[in-house]
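Below: the structure, in structure tokens.
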Amino acid sequence: LDASYDLAAYSPARLRAELDVANFVLTLLDGKTERTFGTTCCHTTIGQGAAEQPIAPILADLFVAARGALTQQPAVPSSVLDLHNVGCIS
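Counting in this note's numbering, the sequence shown runs from -16 upward without gaps.
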């Protein structure tokens, strides 16, 4: 893959713009406006070094829920479950 697609090279504005376009196209196809998001290989941050930051705030604005980090634990529905960082099992 082209190195420019590495999430370490992303800014919040770029991620949001790409997700906005994807959601727009999907809405044109199926008419739905509520979606969930599966993080790429369970990566939960963008940027690198001092600029590295979590993507959860962006996902919370755009999606009803999102897969988060690799936890090897099942996600148990509860009042404390963070719907924008739901752990996953490989």
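Glycine included, C-beta positions come from ideal geometry on N, C-alpha and C.
D65 has its alpha-carbon roughly 17 Å from the corresponding atom of Q36. For R(-3), no beta strand (DSSP E) segment is defined; the enclosing uninterrupted segment is the alpha helix (DSSP H) at P(-5) to D13.
Assignment of I29 by DSSP, reduced to helix, strand and coil, places it in the strand class. In the three-state scheme derived from DSSP, where H, G and I count as helix and E and B as strand, P40 is classed as helix.
Within a 10 Å sphere around the beta-carbon of T27 sit 16 or more other beta-carbons, which makes this residue buried.
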